[in-house]
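Asker:
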Amino acid sequence: MYTVKISIDTENRELANKIQNELKNECRVEVLDSRGLFSSSEVIVAIVAATPGIVATIANIIQNYIKHNDGKAVTIQNSKGKRSYTGYSIEEIKELEKFIMEGGREVDE
Numbered sequence: 177m178y179t180v181k182i183s184i185d186t187e188n189r190e191l192a193n194k195i196q197n198e199l200k201n202e203c204r205v206e207v208l209d210s211r212g213l214f215s216s217s218e219v220i221v222a223i224v225a226a227t228p229g230i231v232a233t234i235a236n237i238i239q240n241y242i243k244h245n246d247g248k249a250v251t252i253q254n255s256k257g258k259r260s261y262t263g264y265s266i267e268e269i270k271e272l273e274k275f276i277m278e279g280g281r282e283v284d285e
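Each step along the sequence shown adds one to the number in this note's numbering, with nothing skipped, and position 25 is 201.
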């Protein structure tokens with residue numbers, strides 16, 4: 177099993193919902209809106225999947241979200257830092273996949 181936890185800025189809450197809805201049949205996805213709970217407002221997306229390949233699916237969902245929201249940038253944070261993506265180039269999507277996976281880890285069932 178693999179786990180990935182990312183934080184998304186609250187103005188992109190719709191993206192967290194899309195990730196949850198599109199992955200619900202493939203893996204376990206939990207979404208927590210931290211608005212009012214912590215000093216910073218963010219949406220936390222925690223994913224538990226059977227294989228690390230789920231990262232490519234997550235990156236694809238983010239890319240499609242950005243394309244459908246007229247060039248909107250998405251800021252994602254994990255244990256390795258914070259980055260913003262516009263999602264148009266192949267290189268940026270590959271870097272996004274790598275960044276998401278850096279925050280992932282293999283766990284025992």
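Ideal placement from N, C-alpha and C gives every residue a C-beta, glycine not left out.
(1) By Cβ distance, which residues of its chain are closer than 7 Å to K243, with the 5 residues on each side in sequence left out?
(2) Tell me whether V231 is buried or exposed, calling it buried when 16 or more other Cβ atoms sit within 10 Å of its Cβ.
(3) Within the continuous alpha helix (DSSP H) that includes N193, where are the two ends?
(4) Cutting at 8 Å between CB atoms, please list the residues of its own chain near N193, excluding the five before and the five after it.
(5) Tell me the DSSP bridge mates of N254?
(6) Cβ of E218 within 8 Å of Cβ of I195?
(7) Where does E206 fall in DSSP's three states?
(8) Going by C-alpha distance, which of N201, L272 and G229 is nearest I238?
Answerer: So, from the data block:
(1) Once the five neighbours on either side are set aside, the close Cβ partners of K243 are G263.
(2) That one is buried.
(3) That run of the alpha helix (DSSP H) goes R189 to L199.
(4) Excluding residues within five positions, the ones whose Cβ falls inside 8 Å are V207.
(5) Residue pairing for N254: DSSP places it in a beta bridge opposite G257.
(6) At least 8 Å separates the beta-carbon of E218 from that of I195.
(7) The answer is strand: DSSP assigns E206 an E or B state.
(8) Nearest to I238 by C-alpha distance, out of N201, L272 and G229, is L272.
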